[in-house]
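Position in the sequence shown (from 1) plus 46 gives the number in my numbering.
Glycine included, C-beta positions come from ideal geometry on N, C-alpha and C.
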Amino acid sequence: TLCAVEDSFLAARFSGRWEQELDRDEDGRYFINYPPELFVPLLDYLGARETEDPSRDVPLPVGPENQRPQFQAMLRYFGMLPAVSVLDAVRTPYESVVGCDH
């Protein structure tokens, strides 16, 4: 499940190549430095990606309402957010990004 998004940092981290580098507790369990209320929605998403028909889109969770910035930061850290190319950014009108009313 942790490797469901192939090009993510999370998948790379748990691919087996970095086994000796992973943080573990005294019982050998992997240590994820995020609280369960942030990580569990991501884990649910990864499980859905793994079991859903590949032709169907599984939307990213938005995370807990009171911790959206932290949730987004975690998604960025693990490489879960879709990449935005420079060309896509250039094509986006400034007004649609900042919500200007003229």
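Apart from the 5 residues on each side of it in sequence, GLN116 sits with its Cβ closer than 7 Å to the Cβ of LEU84 in its chain, given in chain order. Excluding sequence positions up to five before and after SER101, its CB lies less than 6 Å from no other CB in the same chain. When secondary structure is reduced to three states using DSSP, TYR80 falls in the coil class, being assigned neither helix nor strand. With contacts defined as CB atoms closer than 7 Å, PHE55 and GLY109 fail to qualify as a contacting pair. For secondary structure counted as the alpha helix (DSSP H) over 4 or more consecutive residues, the stretch 51–124 holds these complete runs in sequence order: 55–59, 82–97, 114–123.
Just so you know, the alpha carbons of ILE78 and ARG95 end up roughly 20 Å apart. About 7 Å separates the Cβ atoms of LEU121 and LEU106, confirming a contact at the 8 Å cut-off.
An exposed status is given to LEU68, since fewer than 16 other beta-carbon atoms sit within 10 Å of its beta-carbon.
Straight-line spacing of the CA atoms in ASP103 and VAL51 works out to 13 Å.
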